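Inspection log for the structure reproduced underneath, given as structure tokens.
Number of protein chains: 2
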Amino acid sequence: MRITLPQEKPQDQLASLLNHDMVKVNSLIKKRMASDAAPRIPEVTEHLIDAGGKRLRPLLTLAAAEMCGNTSPYHIHLAATVEFIHTATLLHDDVVDESKQRRGRPTANLLWDNQSSVLVGDYLFSRSFQLMVETGNLRVLDILANASATIAEGEVLQLTVAQNLSTTEDTYLKVIRGKTAALFGAACKVGGVISNAEEKIIDALASYGDALGVCFQITDDLLDYNGSSADLGKSIGDDFRERKMSLPLIKVLKKSDVTEKEFWKRTIEKGDQQDDDLDFALKLMTKHNALKDTHNDAKFWAEKAKKSISILPKSKLRNILTELPDFVVNRLS
Amino acid sequence: MRITLPQEKPQDQLASLLNHDMVKVNSLIKKRMASDAAPRIPEVTEHLIDAGGKRLRPLLTLAAAEMCGNTSPYHIHLAATVEFIHTATLLHDDVVDESKQRRGRPTANLLWDNQSSVLVGDYLFSRSFQLMVETGNLRVLDILANASATIAEGEVLQLTVAQNLSTTEDTYLKVIRGKTAALFGAACKVGGVISNAEEKIIDALASYGDALGVCFQITDDLLDYNGSSADLGKSIGDDFRERKMSLPLIKVLKKSDVTEKEFWKRTIEKGDQQDDDLDFALKLMTKHNALKDTHNDAKFWAEKAKKSISILPKSKLRNILTELPDFVVNRLS
Chain A
109 MRITLPQEKP
119 QDQLASLLNH
129 DMVKVNSLIK
139 KRMASDAAPR
149 IPEVTEHLID
159 AGGKRLRPLL
169 TLAAAEMCGN
179 TSPYHIHLAA
189 TVEFIHTATL
199 LHDDVVDESK
209 QRRGRPTANL
219 LWDNQSSVLV
229 GDYLFSRSFQ
239 LMVETGNLRV
249 LDILANASAT
259 IAEGEVLQLT
269 VAQNLSTTED
279 TYLKVIRGKT
289 AALFGAACKV
299 GGVISNAEEK
309 IIDALASYGD
319 ALGVCFQITD
329 DLLDYNGSSA
339 DLGKSIGDDF
349 RERKMSLPLI
359 KVLKKSDVTE
369 KEFWKRTIEK
379 GDQQDDDLDF
389 ALKLMTKHNA
399 LKDTHNDAKF
409 WAEKAKKSIS
419 ILPKSKLRNI
429 LTELPDFVVN
439 RLS
Chain B
109 MRITLPQEKP
119 QDQLASLLNH
129 DMVKVNSLIK
139 KRMASDAAPR
149 IPEVTEHLID
159 AGGKRLRPLL
169 TLAAAEMCGN
179 TSPYHIHLAA
189 TVEFIHTATL
199 LHDDVVDESK
209 QRRGRPTANL
219 LWDNQSSVLV
229 GDYLFSRSFQ
239 LMVETGNLRV
249 LDILANASAT
259 IAEGEVLQLT
269 VAQNLSTTED
279 TYLKVIRGKT
289 AALFGAACKV
299 GGVISNAEEK
309 IIDALASYGD
319 ALGVCFQITD
329 DLLDYNGSSA
339 DLGKSIGDDF
349 RERKMSLPLI
359 KVLKKSDVTE
369 KEFWKRTIEK
379 GDQQDDDLDF
389 ALKLMTKHNA
399 LKDTHNDAKF
409 WAEKAKKSIS
419 ILPKSKLRNI
429 LTELPDFVVN
439 RLS
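Here the protein sequences line up with chains A and B, keeping their order. All residue numbers for the first sequence refer to our numbering, where the first residue is 109 and numbers rise by one. All residue numbers for the second sequence refer to our numbering, where the first residue is 109 and numbers rise by one.
Next comes the structure, spelled out in structure tokens:
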């Protein structure tokens, strides 16, 4: 009798295949997150380390390097770097969004204060910068510096278009390219660069990361409306309450009639929200296929990601990276 | 008849002597502070540019480079870099301190919101990082990455020792080395490094910047108690109200008797402050020579700074830099 095991999630497969390197990355992260001078720093960072997270970005760097036959020892530094940048942006995001929960746990700004989150975020960002300087590779420095600037631009743009009902899908894409896809793209690209891969391979990795990041964020924004708290580690409807112009909202707005638009004006533009408004928002989104259309967009980007790395030599890692976008999109099914 | 003109301030002398380069620095700053993607960014940064400030840190970089016979074009990039890092930390500081005034104008967090200040600060920090990567000089990257981490550590340490009456002068020194002296030191040091100066010259420049920064911050903390609003561009007694453990307070605490200590416990530890408490605090500081002793400490660091650069070849710039620490200390007379 043959037993069919449920297939392991692609990121878990990545984690076990790259475990040898991830142990080194985690140890480097732990070491560099510490600070002798200011004991508050390890308190906050340990809270974040314990919260875990999937470490998807450093896994992408390690996978990209491995697929390109890397021989440099600095892929470990780069993997830690992208996780530091990611963690720094999470700390600042939670201040900006006044979030109370992250990965199913209270956020640092709730446990300590906004001040600590701002300054410890700055510290982690500086630490990431030190790590990448140690690689001595100016090209990866350039890539990561550009990614950092794009992330910050995306975050500011998101802030300024919040509550603006005329936000277009193009603007939304610019926001998520910044806040999410830039780091996914850079994480993959630097893995190729540090391994001295051919330019077309480096480009393919960058495109893969970019498309995966877009797909990841669109799915995240969709789950905010139709996921479950357990999937998200945060509460359903956060984006609605924070009046964020995410894709499901942009799509439903486009199809809403005059009366329905009044609902969106009251709840999103003016922020006057009642208890059952989220339910009604979901009803409108279902009525106008906004959730389904958003899901289709996520699938489009998943296909794009998969196609990007098809030029890489066949390997176990390439297979897993090819499965990953579909898995990301299907988190909601 | 000979007319004696009042002596020009050293930083004004620096500014006119280095005007040719500063024009380039200002133009680079203006160009790189912009953002096509997020219009909020130039709004906030232009507010900061207009507010001016002395641009002391970039002037130090230019002066150091010039004194070392610099031939690289990248001293301009480095001068802009240190100003960007400085501006980014100001934006975050004002959020952390909940400040309402900076350089005599409303702060960005007051004009826009904390969110914008956090994210635009991140943007400027990323931009500074891009600028320094463009120099292609790994050693200056290393120096500035370390300075950034030290700044963040100093800021976190300051946050965690606020209101703690047992804070020592050593801890205070660690805080200001981070929040102020690290960038002064790095600003001077990279000027030497980019010019391929001898190691002992580079070390001398780093020591000068460090001591000048310590002297600058001690004086600033003193002025917070006995300056005038016009000198500061902020309100007298801010540190008292924010219950910051600055040097005058640490010094007066050491000499306070049991009854006086109760006053400090109430106002600083518990934060229960009445209208005339600042006056009484100043009376105690005068009684125990805390302001005078703080001034003496500032003078000690001024001497240290001056001595550090005495090994540099004689020049007009060296003369000005030698006058600068005394001028900083005597802002209060």
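We put the CB at the ideal spot given by N, CA and C, even for glycine. For clarity, every value in this text was computed on a predicted model and none was experimentally measured.
Counted as a single uninterrupted DSSP element, the stretch harbouring GLU350(A) is not any alpha helix (DSSP H), since DSSP gives it neither H nor E. In terms of Cα proximity to VAL133(A), the closest of ASP230(A), LEU291(A), ARG163(A) is ARG163(A). Remark: C-beta atoms of GLU377(A) and LEU273(A) approach each other more closely than 9 Å. Taking the beta carbon of ARG148(A) as reference, the chain B residues within 9 Å of it are VAL264, LEU265, LEU267, THR268, listed in sequence order.
Cβ-Cβ separation between PRO214(A) and VAL190(A): approximately 25 Å, too far for a contact (criterion under 8 Å). Relative to the Cα of LEU331(A), the nearest Cα in the group ARG439(A), ILE302(A), ASN127(A) belongs to ARG439(A). For the region 238-251 of chain B, the residues whose beta carbon sits under 7 Å from a beta carbon of chain A are, in order, GLN238, VAL241, GLY244, LEU246, LEU249, ASP250. Chain-order list of chain A residues neighbouring PHE292(B): empty, with the shortest C-beta distance near 17 Å, by a criterion of under 9 Å. Counting only residues of its own chain and dropping the five nearest sequence neighbours on each side, THR197(B) has a CB closer than 7 Å to the CB of ILE259.
Taking 9 Å as the cut-off, the Cβ atoms of LEU361(A) and LYS352(A) do not count as close. A Cβ-Cβ distance of about 15 Å is found for the pair GLY300(B) and ALA413(B), leaving them out of contact under the 8 Å criterion. Leaving aside the five residues that flank ASP318(A) on each side, the residues in its chain whose CB is nearer than 6 Å to its CB run, in chain order, ALA289, GLY293. The C-alpha of TRP409(B) lies about 34 Å from the C-alpha of GLU242(B). The region 226-243 of chain B makes contact with the region 224-237 of chain A; the number of CB pairs closer than 8 Å reaches 3 or more. The CB of VAL437(B) never comes closer than 8 Å to any CB in chain A; the least such distance is about 27 Å.
At the C-beta level, LEU246(B) and LEU246(A) come within 9 Å of one another. Nearest to LYS287(B) by C-alpha distance, out of CYS296(B), ILE326(B), ALA305(B), PRO147(B), is ILE326(B).
Here the alpha carbon of HIS185(A) sits roughly 18 Å from the alpha carbon of ILE251(B). In this model, ALA398(A) and VAL203(A) are separated by some 29 Å (Cα to Cα). Not a single C-beta of chain A is nearer than 9 Å to the C-beta of GLU191(B). Chain-order list of chain A residues neighbouring HIS155(B): empty, with the shortest C-beta distance near 14 Å, by a criterion of under 9 Å.
ILE419(B) is positioned such that its CB atom lies no closer than 9 Å to that of PRO118(B).
In the DSSP assignment, GLN325(A) falls within the unbroken alpha helix (DSSP H) covering 307-334.
LYS297(A) is the residue among GLY244(A), TRP220(A), LYS297(A), SER354(A) whose C-alpha sits nearest the C-alpha of ALA255(A). Within the same chain, MET240 come within 6 Å of LEU249(B) by CB-CB distance, once the 5 residues on both sides are set aside.
One finds ALA145 in chain A with Cβ atoms closer than 8 Å to the Cβ of LYS282(B), taken in chain order.
A Cβ-Cβ distance of about 13 Å is found for the pair VAL226(B) and ILE149(B), leaving them out of contact under the 8 Å criterion. For HIS396(A), no CB of chain B lies under 9 Å from its own CB, so it is not counted at the interface with that chain.
Counting along the chain, GLU377(A) sits inside no alpha helix (DSSP H), nor does DSSP assign it H or E at all. At a beta-carbon threshold of 8 Å, the residues of chain A lying near HIS200(B) are VAL226, LEU227, ASP230, ordered along the chain. Excluding residues up to 5 positions away in sequence, HIS396 lie with their Cβ nearer than 6 Å to the Cβ of LYS363(B) in the same chain. Residue-level contact by beta carbon holds for ARG235(A) and chain B, with a gap shorter than 9 Å.
Distance check between ALA188(A) and each of LEU281(A), LYS139(A), THR430(A), TRP220(A) places LYS139(A) closest, using alpha-carbon atoms only. Within the same chain, Cβ atoms closer than 8 Å to the Cβ of THR153(B) are found at MET141, ALA142, THR195, VAL228, LEU232, the five residues on either side in sequence being excluded. Chain B places a beta carbon closer than 9 Å to that of ILE259(A), counting this residue as a contact. Within 10 angstroms of the beta-carbon of GLY262(A) lie 16 or more other beta-carbons, which makes it buried.
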